[in-house]
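What follows is a set of notes on a single structure, which appears directly below.
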Amino acid sequence: MPKIKIVPAILSPNPKTVNEDLKEIGPYSDLLQVDVMDNIFVPNKTPQAEQLKILDTKIPLDIHLMVKEPSDEYLMGFIKANPKLKVNNITVHYEACSNIKKTLEFIRENNIKAGVAINPNTPLNSIRNILDKVDIVLVMTVEPGFSGQGFIKSALDKVTELRKLKPKMDIEVDGGINEVTAALAAKSGANMFVANSYIFKAKDKVKAMKKLRAAVG
Ligand code: DX5
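To convert a position in the sequence shown, counted from 1, into my numbering, add 21.
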């Protein structure tokens, strides 16, 4: 089983407070997910690559692109936006890319881990033939677009199946993660846990992160 990673997610962060928040949660975070939305693939829009310019953190980034047809140039925008940041991975949606292999290859060619995300209704079979091209599979446990939604438990069947196929792969879950749902996802074989509201809406963010880690450890 690969290493457990706790991944706080930011979505249109407030430039005035984000770096203070990151300082506080940094020591407890394995990666920081930056959620990016285009109002085409999902019905919501966030700032694009320019938002990385305001970030001041050592937490390596997990960039989740909920974006239709991200071009090489578009991807490069995230890679080059802020040389002080470390980009660990860029994750693109299977449903949003007409040539997913090419997109994943481009990410890897730039020495960045490539992730593929699948929506709750997308079967695991759709990505079976590209598993050798990815470092991370993100199994969405809500419909992408908004934070604060309820966890879709049936998505965990894909986690169970994928863990059997790929014992060493990073399997990430995202959407409706709290200490209860994270424990269920961990039992199914997930090792990366993304959370926005559970952490950022908590009175004590660090306490929430510790609880999350304890639930999956
Ligand atoms: C969903 C986003 C998630 C979101 C999770 O569209 O991809 O990353 O930030 O938010 P919570 O943890 O509130 O479900």
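Every residue gets a Cβ at the ideal spot worked out from N, C-alpha and C, and that includes glycine.
Taking Cβ positions, are residue i and residue j nearer each other than 8 Å?
i      : j      : result
GLY210 : VAL180 : yes
ILE11  : MET230 : Since the displayed the chain opens at 22 and closes at 238, residue 11 lies outside it and no answer follows.
THR112 : ASP83  : yes
SER33  : PRO68  : yes
GLU90  : ALA70  : no
PHE214 : VAL194 : yes
LEU73  : ASN40  : no
SER166 : PRO64  : Just to set this straight, residue 166 is Gly in the shown sequence, not Ser. Cβ atoms of GLY166 and PRO64: closer than 8 Å.
LEU53  : THR78  : yes
VAL108 : ILE133 : yes
LEU145 : LEU106 : no
Can you find a CB in chain D that lies within less than 8 Å of the CB of residue i?
i     : result
PRO64 : Looking for chain D here will not work: only one protein chain is present.
Taking only the alpha-carbon atoms, compute the straight-line gap between residue i and residue j and give it to the nearest angstrom.
i      : j      : result
LYS187 : PRO23  : 10 Å
THR122 : ILE139 : The question names Thr, but residue 122 in the sequence shown is Lys. LYS122 and ILE139: Cα-Cα distance of roughly 15 Å.
ILE192 : ASN142 : 17 Å
LEU43  : LEU233 : 17 Å
VAL137 : TYR115 : 6 Å
GLY47  : PRO29  : 9 Å
PHE127 : ASP93  : 7 Å
ASP59  : ALA207 : 30 Å
LYS185 : PRO81  : 28 Å
VAL57  : TYR95  : 12 Å
ILE173 : PHE221 : 21 Å
ASP156 : VAL88  : 19 Å
Please classify residue i: is it buried, with 16 or more other beta-carbons within 10 angstroms of its beta-carbon, or exposed?
i      : result
THR124 : buried
ASN150 : exposed
ASN158 : With the sequence shown as reference, residue 158 is identified as Val, and Asn is not the correct amino acid for it. Result: buried.
ALA135 : buried
GLY171 : exposed
SER50  : buried
MET97  : exposed
ASP225 : exposed
ILE61  : exposed
LYS153 : Per the sequence presented here, residue 153 reads as Asp, with Lys not at that position. ASP153 is exposed by the Cβ-count criterion.
GLY216 : Per the sequence shown, the amino acid found at residue 216 is Ala instead of Gly. ALA216 comes out buried.
ALA235 : exposed
ASN35  : exposed
ASP178 : exposed
SER175 : exposed
Tell me which residue opens and which closes the alpha helix (DSSP H) that residue i is part of.
i      : result
ILE100 : 93 to 101
ASP178 : 177 to 186
ALA207 : 200 to 209
ALA235 : 226 to 237
For the beta strand (DSSP E) containing residue i, name the first residue and the last one.
i      : result
VAL113 : 108 to 114
LEU76  : From DSSP, LEU76 is part of no beta strand (DSSP E); its letter is neither H nor E.
ASP56  : 53 to 58
LYS44  : Element bounds for LYS44: not the beta strand (DSSP E) but the alpha helix (DSSP H), 39 to 46.
PHE214 : 213 to 216
LEU145 : Careful: LEU145 lies outside any beta strand (DSSP E) and carries neither H nor E.
VAL194 : 191 to 195
ILE27  : 26 to 32
ILE61  : It is not in any beta strand (DSSP E) - ILE61 carries neither H nor E in the DSSP assignment.
LYS134 : 134 to 139
For the segment 196 to 214 against the segment 100 to 114, do three or more pairs of beta-carbon atoms, one drawn from each stretch, fall closer than 8 Å, so that the two count as touching? no
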